[in-house]
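Participant: Residue 1 is where the sequence shown starts when you use full-length UniProt numbering, and the numbers rise one by one after that.
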Amino acid sequence: MATRENTLILFDVDGTLTVPRLAATQEMHDVLKALRDKVTIGIVGGSDLVKQVEQLGASVLADFDFVFAENGLAAYEKGQSIGEQSFKDHLGEEALGELIDFTLSEFSKVKLPKKRGTFVEYRKGMLNLCPIGRSCSQDERREFFEYDKIHKIREALVEKFTAKFGSFQTADGRQINLKFSIGGEISFDAFPVGWDKTFCLQYVEKRFENILFFGDKTAKGGNDFEIYNDPRVKGYTVVSYQDTIRILKELYNV
Ligand SMILES: [Mg+2]
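1. Since phenylalanine 199 and glycine 72 should fall inside the 8 Å C-beta cutoff, what is the C-beta to C-beta distance between them, to a whole number of angstroms?
2. Since leucine 8 contacts threonine 40 with CB under 8 Å, what's their CB separation in whole angstroms?
3. State buried or exposed for glutamate 146, treating a residue as buried only when at least 16 other CB atoms are found within 10 Å of its CB.
4. Locate the beta strand (DSSP E) running through isoleucine 150, then write down its first and last residues.
5. How would you label threonine 3, buried or exposed, when you count the other beta carbons within 10 angstroms and need 16 or more for buried?
6. Relative to the C-alpha of tyrosine 122, which candidate in Cys136, Glu106, Ser86 and Asp148 has its C-alpha closest?
7. Tell me whether the segment 229 to 249 and the segment 24 to 32 touch, counting them as touching only if at least three CB pairs, one residue from each stretch, are closer than 8 Å.
8. Short of 8 Å in beta carbon distance, which residues of its chain neighbour residue 260, apart from the five on each side in sequence? Order them along the chain.
9. I need the boundaries of the beta strand (DSSP E) containing isoleucine 9, first residue and last residue.
10. Secondary structure at valine 50, three-state DSSP: helix, strand or coil?
11. Along the chain, where does the beta strand (DSSP E) that runs through tyrosine 122 open and close?
12. At a cut-off of 6 Å, is aspartate 196 close to ligand 1 when judged by its beta-carbon and the heavy atoms of the ligand?
13. Quick one: what does DSSP say glycine 72 is sitting in, helix, strand or coil?
14. Taking DSSP's pairing of strands, which residues face phenylalanine 214 in a bridge?
15. Per DSSP, which residues does isoleucine 43 bridge with? Please list them.
16. Could you check whether the segment 161 to 178 touches the segment 130 to 144, counting it as contact only if at least three pairs of C-beta atoms, one from each stretch, sit closer than 8 Å?
17. Closest by CA to phenylalanine 191, which one among Arg207, Asp139 and Gly125?
18. For glutamine 26, report the span of its alpha helix (DSSP H) as first-last.
19. Please name the residue or residues paired with aspartate 189 in a DSSP beta bridge.
20. Within 10 angstroms of the Cβ of threonine 118, are there 16 or more other Cβ atoms? Answer buried if so, exposed if not.
21. Do you know whose CA, among Tyr241, Asn128 and Lys152, lies nearest glutamine 26's CA?
22. Quick one: does the C-beta of residue 259 sit closer than 6 Å to a heavy atom of ligand 1?
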């Protein structure tokens, strides 16, 4: 039987507990409260904690046993921080500097009809790399996207970057594996292999007999795909937050 001690249910946020980008309904809050009497509950989302508070309320850290923001790069249990990781700390200043230098050097060799500014955006869990520059206008963005479809600028860059940084050793002998992934219209991201939602499992895998995961983007290419298919987890695919409520009522009579 599922108990608070042996069972953890992890939820994606957007499309699983809420309409994407919007706040959770009162019904969802009531169902989760009833569920928490029976099992341990947590959330794992790609957004930061600020966005999670907007969607799930100011008491989100109190309402869930585990809160994993940015896929678990910021981890909380019972309101207390239990882990903090960043791209910078993972790589170390030297390797991060090399990656940024390589980016600027490669971007300087790319011929484009237009270039603007902000070619590297530094984020907590990744670098966002943009050959045209993120400060381009909406029209320039569209133009680049069409140009890139024909000339495969980003594809060629991803290949070069992967060859150099896909698997390498830092000066102090640590093994680093980076993934380069095209997203959106103008840029590609650099982040460590494994820094998807499965990142959060290190904090809970040894503590529960059963870990369930509910998510809406569980197909290949979706941001729930890796955790949904992880052998440590029993995955459920939902099509909306109403679907989540329906399944929870069925499974736990909440
Ligand atoms: Mg989602």
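By construction, the Cβ of each residue, glycine as well, lies at the ideal position given by its N, Cα and C atoms.
Facilitator: Quick look at the numbers:
1. Looking up residue 199 in the sequence shown gives position 199. Looking up residue 72 in the sequence shown gives position 72. 4 Å between Cβ atoms; contact.
2. Here residue 8 refers to the residue found at position 8 of the sequence shown. Here residue 40 refers to the residue found at position 40 of the sequence shown. About 5 Å separates the two Cβ atoms, so the contact holds.
3. Sequence index remark: in the sequence shown, residue 146 carries index 146 (1-based). It counts as exposed.
4. Position 150 of the sequence shown, counted from the start, is the residue given in the question as residue 150. Run containing isoleucine 150: none in the beta strand (DSSP E); it sits in the alpha helix (DSSP H), 138 to 151.
5. Locating residue 3 in the sequence shown gives position 3, where the first residue counts as 1. By the 10 Å Cβ count, threonine 3 comes out exposed.
6. Residue mapping note: residue 122 aligns to position 122 of the sequence shown, counting from 1. Per the Cα distances, Ser86.
7. yes
8. There is simply no residue 260 to check, as the chain begins at 1 and stops at 254 in what is shown.
9. The sequence position of residue 9 within the sequence shown is 9, counting from 1. That run of the beta strand (DSSP E) goes 7 to 11.
10. Locating residue 50 in the sequence shown gives position 50, where the first residue counts as 1. Helix, per DSSP.
11. On the sequence shown, residue 122 is found 122 positions in, with the first residue counted as 1. It spans 120 to 122 - the beta strand (DSSP E) in which tyrosine 122 sits, taken as one unbroken run.
12. Residue 196 sits at position 196 when you count from the first residue of the sequence shown. No, the Cβ of aspartate 196 stays beyond 6 Å of every heavy atom of ligand 1.
13. In the sequence shown, residue 72 corresponds to position 72, counting from 1. In the structure shown, glycine 72 sits in a helix (DSSP, three-state: H, G or I).
14. Your numbering for residue 214 matches position 214 in the sequence shown. Per DSSP, Phe11 and Tyr236.
15. For the purposes of this step, residue 43 is taken as the residue at position 43 of the sequence shown. DSSP, once it has assigned bridges, lists Phe11 and Val67 as partnering isoleucine 43.
16. Contact between the segment 161 to 178 and the segment 130 to 144 is absent, because fewer than three Cβ pairs lie under 8 Å.
17. Within the sequence shown, numbered from 1, the residue matching residue 191 stands at position 191. Closest by alpha carbon: Gly125.
18. Taking the first residue of the sequence shown as position 1, residue 26 is located at position 26. Following the DSSP letters along the chain, one finds glutamine 26 inside the alpha helix (DSSP H) bounded by residues 26 to 36.
19. The count along the sequence shown starts at 1 and reaches residue 189 at position 189. Partner(s): Asn128 and Ser181.
20. The residue given as residue 118 occupies position 118 in the sequence shown. Threonine 118 should be labelled exposed.
21. Numbered from 1 along the sequence shown, position 26 holds the residue referred to as residue 26. Looking only at Tyr241, Asn128 and Lys152, the smallest Cα-Cα distance to glutamine 26 is reached by Tyr241.
22. The shown model of the chain, from 1 to 254, leaves out residue 259, and the question about it has no answer.
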